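Asker:
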Amino acid sequence: MAPPQHVARPIASHSMSRTIVIREHEREAVAEAARMLLEGRLVAIPTETVYGLAADATNGLAVASIFEAKGRPRFNPLICHMSDLAMAEAHVDFDPLSLRLARAFWPGPLTLVLPVKPTSPIHALTRAGLATVGVRVPVGIAAKVIAHLGRPLAAPSANRSGRISPTRASHVAEDLGDRVALILDGGLCAVGLESTIVKLDDGVPYLLRPGGLSAQAIETVLGTPLVRTAAGATIEAPGMMASHYAPDAAVRLNVSRVEPEDVLINFGGQTIAGAEVALAVLELSSSGNLAEAAAQLFDLMIQADRLKPRALAFAPVPMEGLGEAINDRLARAAAPKA
Ligand code: TXA
Ligand code: MG
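Quick look at the structure:
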């Protein structure tokens, strides 16, 4: 297990962000956005669909701050944006039909859910711990920023959870202006609807989310109808999520005492009775930083499970901010296996 690559530091200050108008300053916009993303900061970037709240998809802390800024109560898997098909091929495996769709519609408003390569540095938090990742190649400035950065960008729509997706820079400034380092203003988004999400499963194409590319256009290229599922059903169904998260070991939450042969997963260096008899003690964040804890969660769970403990014993994590999403994930991990 590799050590965490990114050192914890305070979450970005809440001062108002800077806006760069792309039409007038494109080169500066690209360079400045890439520089901030490399530092682990959030940048709002226009795509042809909606404005994205972008972070370096390989930086767990940066991705955690997306959830924090959006106030998302749960860690949904995020779409990874690539500069082109070649970059996507370095991170995910394409089946023949997915490749046909990518060639037909990229760059454009189509997201393909594909198996992540074991060598890909896309962070587990970006994938919400899944073995697949949603990828797409956006049109315009976003692809230029990604090419300049040389890493994929995780980017949900740049709005607070529950609000309408932004299609102008001013929407982002009103909603998240105090949470992003930089807003690139590319005017009105051409499509204005999130991308269409498709997943090929054993050659069967599923429409996971209708969006900016019509199902008919996709069906024409595939030559077969898309199988409709309830929006996001394949990832939202609690049973499926639970099974993705469930470690082999039992999971106990909010422990005040550790039993022998448990691995204690602590938060903020709390004093937990019996810690000295634990198989190992791991820390989600010794400084009590919830973004760091979110970024570490999936990796530490896997690491702890490999030790074959009797149980993973989690110290309490507060329910504030990202703690809500962390506790939601923990509850799923602790749920009885289907
Ligand atoms: O148009 C768009 O797609 C916008 C712009 C900014 O590009 N982005 C966007 O991203 O809507 P996001 O991260 O909000 O989309 C997340 C959704 C999840 O809720 C889920 O429906 C799907 O993408 N998704 C992502 N990864 C998945 C996976 N591994 N399996 C199934 N669904 C996945
Ligand atoms: Mg959204």
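Heads up: the sequence shown at position 134 corresponds to 130 in the numbering used here, and the numbers run straight through without jumps.
Ideal Cβ positions, reconstructed from N, Cα and C, are used throughout, including at glycine.
The model shown is predicted, which means the values in this text are computed figures rather than measured ones.
Looking only at its chain, what residues have a beta carbon closer than 7 Å to the beta carbon of aspartate 171, apart from the 5 residues adjacent to it on each side?
Answerer: Taking the sequence shown and counting its residues from 1, one reaches residue 171 at position 175. Within the same chain, aspartate 171 has close Cβ partners Asn155, Arg156, Arg159 and Pro162.
Asker: Would DSSP call glycine 125 helix, strand or coil?
Answerer: To locate residue 125, count along the sequence shown from 1; it is residue 129. Here glycine 125 sits in coil by DSSP.
Asker: Give me the Cβ distance between glycine 208 and threonine 192, rounded to the nearest whole Å; I'm assuming they're in contact under 8 Å.
Answerer: Within the sequence shown, residue 208 is the residue found at index 212, counting from 1. Within the sequence shown, residue 192 is the residue found at index 196, counting from 1. With a Cβ gap of about 6 Å, glycine 208 and threonine 192 count as contacting.
Asker: Among Ser252, Arg164 and His87, which has the Cα closest to the Cα of threonine 348?
Answerer: What the structure shows of the chain is the stretch from -3 to 334, and residue 348 is not part of that stretch, so it cannot be assessed.
Asker: Once you ignore the five residues that flank proline 332 on each side, which residues in its own chain have a CB closer than 8 Å to its CB?
Answerer: The residue labelled residue 332 in the question sits at position 336 within the sequence shown. Closer than 8 Å at Cβ, skipping near neighbours: no residue.
Asker: With a 10 Å radius around its C-beta and 16 neighbouring C-beta atoms as the bar for buried, classify threonine 115 as buried or exposed.
Answerer: To locate residue 115, count along the sequence shown from 1; it is residue 119. With a 10 Å radius around the Cβ and a threshold of 16 neighbouring Cβ atoms, threonine 115 comes out exposed.
Asker: Compute the Euclidean distance between the alpha carbons of arginine 68 and alanine 25, then round it to the nearest angstrom.
Answerer: As a working note, residue 68 is residue 72 in the sequence shown. As a working note, residue 25 is residue 29 in the sequence shown. Computed Cα separation, rounded: 28 Å.
Asker: If I measure Cβ to Cβ from asparagine 323 and keep anything under 7 Å in the same chain, skipping five residues before and after, which residues do I get?
Answerer: One-based indexing of the sequence shown puts residue 323 at position 327. Leaving aside the five residues that flank asparagine 323 on each side, the residues in its chain whose CB is nearer than 7 Å to its CB run, in chain order, Val313 and Met315.
Asker: Is there contact between the segment 23 to 41 and the segment 89 to 100, where contact requires at least three CB pairs shorter than 8 Å?
Answerer: no
Asker: Kindly indicate the opening and closing residues of the alpha helix (DSSP H) around asparagine 323.
Answerer: For the purposes of this step, residue 323 is identified with residue 327 of the sequence shown, where counting begins at 1. It spans 319 to 330 - the alpha helix (DSSP H) in which asparagine 323 sits, taken as one unbroken run.
Asker: State the start and end residues of the unbroken beta strand (DSSP E) segment that holds aspartate 258.
Answerer: Numbered from 1 along the sequence shown, position 262 holds the residue referred to as residue 258. Where aspartate 258 is concerned, the enclosing beta strand (DSSP E) stretches over 258 to 262.
Asker: Just verifying my parser: in three-state terms, what is the DSSP assignment at aspartate 89?
Answerer: Translated into the one-based positions of the sequence shown, residue 89 becomes position 93. Looking at aspartate 89 - three-state DSSP - the assignment turns out to be coil, as it is neither helix nor strand.
Asker: Taking all protein chains shown into account, do 16 or more other C-beta atoms lie within 10 angstroms of the C-beta of proline 92, making it buried, or fewer, making it exposed?
Answerer: Indexing the sequence shown from 1 puts residue 92 at position 96. With fewer than 16 Cβ atoms within 10 Å of its Cβ, proline 92 is classed as exposed.
Asker: Taking only heavy atoms of ligand 1 into account, decide whether any of them is closer than 8 Å to the Cβ of glycine 319.
Answerer: Within the sequence shown, the letter at position 323 stands for residue 319. No, the beta carbon of glycine 319 sits no closer than 8 Å to any heavy atom of ligand 1.
Asker: Per DSSP, what kind of secondary structure is phenylalanine 310 in: helix, strand or coil?
Answerer: Position 314 of the sequence shown, counted from the start, is the residue given in the question as residue 310. Here phenylalanine 310 sits in strand by DSSP.
Asker: Any idea what DSSP makes of glutamate 64, helix, strand or coil?
Answerer: Position 68 of the sequence shown, counted from the first residue, corresponds to residue 64. Correct three-state label for glutamate 64: helix.
Asker: Can you say whether arginine 300 is buried or exposed, counting buried as having 16 or more other CB atoms within 10 angstroms of its CB?
Answerer: By one-based count along the sequence shown, residue 300 stands at place 304. Looking at the sequence provided, one finds alanine at residue 300 rather than arginine. Looking at its Cβ environment, which holds 16 or more other Cβ atoms inside 10 Å, alanine 300 is buried.
Asker: Measuring straight from C-alpha to C-alpha, what distance separates leucine 108 and glutamate 85?
Answerer: For the purposes of this step, residue 108 is identified with residue 112 of the sequence shown, where counting begins at 1. For the purposes of this step, residue 85 is identified with residue 89 of the sequence shown, where counting begins at 1. Each residue's Cα considered, the two are about 12 Å apart.
Asker: Hey, alanine 311 and asparagine 262: beta-carbon distance below 9 Å or not?
Answerer: Counting from 1 along the sequence shown, the entry for residue 311 is found at position 315. Counting from 1 along the sequence shown, the entry for residue 262 is found at position 266. Yes, these two residues count as a Cβ contact at 9 Å.
Asker: What are the start and end residues of the beta strand (DSSP E) that includes isoleucine 298?
Answerer: Taking the sequence shown and counting its residues from 1, one reaches residue 298 at position 302. Where isoleucine 298 is concerned, there is no enclosing beta strand (DSSP E), although the alpha helix (DSSP H) it sits in stretches over 286 to 302.
Asker: State the Cα-Cα distance for the pair threonine 45 and leucine 106, rounded to the nearest angstrom.
Answerer: As a working note, residue 45 is residue 49 in the sequence shown. As a working note, residue 106 is residue 110 in the sequence shown. Rounded to whole angstroms, threonine 45 to leucine 106 spans 10 Å at the Cα level.
Asker: Is alanine 371 near ligand 1 - that is, is its Cβ less than 8 Å away from at least one heavy atom of it?
Answerer: Because the chain in this structure spans residues -3 to 334, residue 371 falls outside the shown range and cannot be described.
Asker: Using the Cα positions of alanine 327 and isoleucine 298, report the straight-line distance between them to the nearest angstrom.
Answerer: In the sequence shown, residue 327 corresponds to position 331, counting from 1. In the sequence shown, residue 298 corresponds to position 302, counting from 1. When rounded, the distance between both Cα atoms is 16 Å.
Asker: From which residue to which residue does the alpha helix (DSSP H) around alanine 25 run?
Answerer: Within the sequence shown, the letter at position 29 stands for residue 25. Start and end: 22 to 34.
Asker: Does the Cβ of glutamine 212 have 16 or more other Cβ atoms within 10 Å, making it buried, or fewer, making it exposed?
Answerer: Indexing the sequence shown from 1 puts residue 212 at position 216. It is exposed - the Cβ of glutamine 212 has fewer than 16 other Cβ atoms within 10 Å.
Asker: Between which two residues does the beta strand (DSSP E) carrying aspartate 181 extend?
Answerer: Start at 1 with the first residue of the sequence shown, and residue 181 comes out as number 185. Unbroken beta strand (DSSP E) run through aspartate 181: 178 to 181.
Asker: Can the beta-carbon of isoleucine 75 be found closer than 9 Å to that of alanine 150?
Answerer: By 1-based counting over the sequence shown, the position of residue 75 is 79. By 1-based counting over the sequence shown, the position of residue 150 is 154. The Cβ-Cβ distance between isoleucine 75 and alanine 150 falls below 9 Å.
Asker: Taking buried to mean at least 16 other C-beta atoms within 10 Å of its own C-beta, is leucine 196 buried or exposed?
Answerer: Taking the sequence shown and counting its residues from 1, the one referred to as residue 196 is at position 200. Flag for leucine 196 reads buried.
Asker: Rounded to the nearest angstrom, what separates aspartate 295 and phenylalanine 63 at their Cα positions?
Answerer: Sequence index remark: in the sequence shown, residue 295 carries index 299 (1-based). Sequence index remark: in the sequence shown, residue 63 carries index 67 (1-based). Those two C-alpha atoms are separated by around 17 Å.
Asker: Just the Cα atoms here: how many angstroms apart are histidine 21 and histidine 167?
Answerer: Translated into positions along the sequence shown, residue 21 becomes position 25. Translated into positions along the sequence shown, residue 167 becomes position 171. Cα to Cα, histidine 21 sits roughly 20 Å from histidine 167.
Asker: On a CA-only basis, which of Asp52, Val254, Ala60 and Lys66 is nearest serine 79? Give me that one, please.
Answerer: For this step, residue 79 is matched to residue 83 along the sequence shown. Among Asp52, Val254, Ala60 and Lys66, the Cα nearest to that of serine 79 belongs to Asp52.
Asker: Hey, would you say valine 88 sits closer than 9 Å to valine 129, going by beta carbons?
Answerer: As a position in the sequence shown, residue 88 is number 92, starting the count at 1. As a position in the sequence shown, residue 129 is number 133, starting the count at 1. Valine 88 is a Cβ neighbour of valine 129, given a cutoff of 9 Å.
Asker: If I follow the unbroken alpha helix (DSSP H) through aspartate 197, where does it start and stop?
Answerer: Here residue 197 refers to the residue found at position 201 when the sequence shown is read from its first residue. Careful: aspartate 197 lies outside any alpha helix (DSSP H), inside the beta strand (DSSP E) at 192 to 197.
Asker: Is the beta carbon of leucine 260 less than 9 Å from the beta carbon of alanine 276?
Answerer: Here residue 260 refers to the residue found at position 264 of the sequence shown. Here residue 276 refers to the residue found at position 280 of the sequence shown. Yes.
Asker: In terms of residue numbering, what span does the beta strand (DSSP E) encompassing isoleucine 41 cover?
Answerer: Your numbering for residue 41 matches position 45 in the sequence shown. That run of the beta strand (DSSP E) goes 39 to 42.
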